[in-house]
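For reference, the structure discussed in these notes is given below.
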Ligand code: C2E
Ligand code: MG
Ligand code: MG
Ligand code: MG
């Protein structure tokens with residue numbers, strides 16, 4: 105059972121869903137060959153330090169360029185991969201690509217951190233800790249230049265094992281970020297309990313700060329709360345200048361969104377950072 109977009113638990117039967125389920129399953133069957141062919145790749149969306157106005161890193165977002173269907177968004181296959189035991193494979197691929205890329209960018213003299221989304225199902229045991237450690241060693245990336253984004257959820261709230269995994273990841277020096285903050289059951293207690301370094305305020309709230317005083321108040325108090333707990337704050341989904349200015353005045357640390365840059369190929373991101381660095385990587 106999955107919740108529909110409007111939040112209600114049940115939706116009317118739609119035969120298209122059956123087709124969707126079959127299509128997703130057949131898509132997953134192509135995962136290994138797609139990775140092998142290079143059809144699955146990682147896009148990077150810039151993260152901007154609001155005080156220095158410089159790009160300090162990027163979020164890695166997986167993309168699937170299907171030979172027949174075109175580019176498939178992660179929403180189309182992440183959940184299915186989680187449900188059918190393929191999320192390990194996909195995450196290993198994204199982690200390795202992102203860590204390799206970040207190491208390469210740092211090697212040309214830029215300080216650049218990379219964030220990777222981690223499904224909460226992967227926190228149920230400690231395998232992810234060994235994987236991350238192995239990849240950091242292999243590519244010689246400083247652990248604090250890797251951020252792992254986990255979406256707040258009830259699974260995360262209740263799972264003692266998840267907490268241990270997050271703590272083990274922080275012990276090896278990796279940063280933990282609470283993604284899509286505000287969409288789940290975020291309480292003060294929850295925010296304090298999750299071992300994390302950063303929170304990302306969900307796009308749904310960020311988009312409205314220029315139009316609704318309620319959302320603005322919510323964002324303002326979230327930023328204060330996060331700072332009082334020693335967490336850094338990232339606003340996701342900033343699309344216009346007015347929103348950026350408000351977030352900055354509210355003390356938000358880092359900005360992400362179409363205004364700063366859409367998810368793009370690494371080489372394009374390098375051009376955005378410094379035109380000179382781009383020539384070094386090509
Ligand atoms: P997310 O982690 O919250 O990532 C942010 C999403 O918002 C991305 O969608 C990004 O393209 C989009 N976005 C960023 N700025 C803006 C903006 O200004 N306006 C609008 N309208 N959208 C913006 P995307 O790439 O389609 O990814 C959707 C979700 O899929 C991600 O949400 C994340 O939860 C998941 N995802 C992506 N890559 C991976 C991955 O490698 N592993 C896992 N487990 N999940 C992933
Ligand atoms: Mg994210
Ligand atoms: Mg998310
Ligand atoms: Mg998010």
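Residue numbers (the numbering used here): 105 to 386. Think of the CB as a built atom: it goes at the ideal place given N, C-alpha and C, for glycine as much as any other residue.
For a test of your reading of the model: does the CB of residue i fall under 7 Å from any non-hydrogen atom of ligand 4? Yes or no.
i	result
residue 340	yes
residue 304	yes
Considering only the alpha carbon of each residue, which of the options lies closest to residue i?
i	options	result
residue 235	254, 268, 192	192
residue 372	124, 146, 274	146
residue 223	132, 168, 269, 242	269
residue 378	215, 297, 233, 246	215
residue 203	220, 194, 136	220
residue 354	229, 287, 338	338
residue 177	206, 167, 342	167
residue 302	334, 194, 322	334
residue 244	179, 162, 200	200
residue 161	149, 363, 174	149
residue 325	359, 344, 351, 341	351
residue 64	346, 298, 140	Since the first and last residues shown for the chain are 105 and 386, residue 64 lies out of range.
If you follow the beta strand (DSSP E) that residue i is part of, which residue opens it and which one closes it?
i	result
residue 151	144 to 153
residue 102	Limits of the chain in this structure are 105 at one end and 386 at the other, which puts residue 102 out of reach.
residue 241	Run containing residue 241: none in the beta strand (DSSP E); it sits in the alpha helix (DSSP H), 231 to 243.
residue 350	Unbroken run through residue 350 is the alpha helix (DSSP H), 345 to 353; no beta strand (DSSP E).
residue 302	302 to 305
My understanding is that residue i touches residue j, with C-beta atoms under 8 Å, so please give their C-beta distance in whole angstroms.
i	j	result
residue 313	residue 319	6 Å
residue 249	residue 210	7 Å
residue 217	residue 207	Rounded, the Cβ-Cβ distance is 11 Å, inconsistent with contact.
residue 273	residue 310	That pair is no contact at about 26 Å.
residue 358	residue 154	6 Å
Does at least one heavy atom of ligand 2 sit under 7 Å from the Cβ of residue i?
i	result
residue 163	yes
residue 293	no
residue 221	yes
residue 253	yes
Just curious, the alpha helix (DSSP H) that residue i is in, first and last residue?
i	result
residue 324	317 to 332
residue 198	191 to 211
residue 184	182 to 187
residue 374	370 to 377
residue 136	135 to 141
Can you check DSSP and say which residues form a bridge with residue i?
i	result
residue 254	282
residue 217	161
residue 174	170
residue 358	153, 338
If you measure from the CB of residue i, is any heavy atom of ligand 1 nearer than 7 Å?
i	result
residue 283	yes
residue 200	no
residue 266	no
residue 142	no
residue 307	yes
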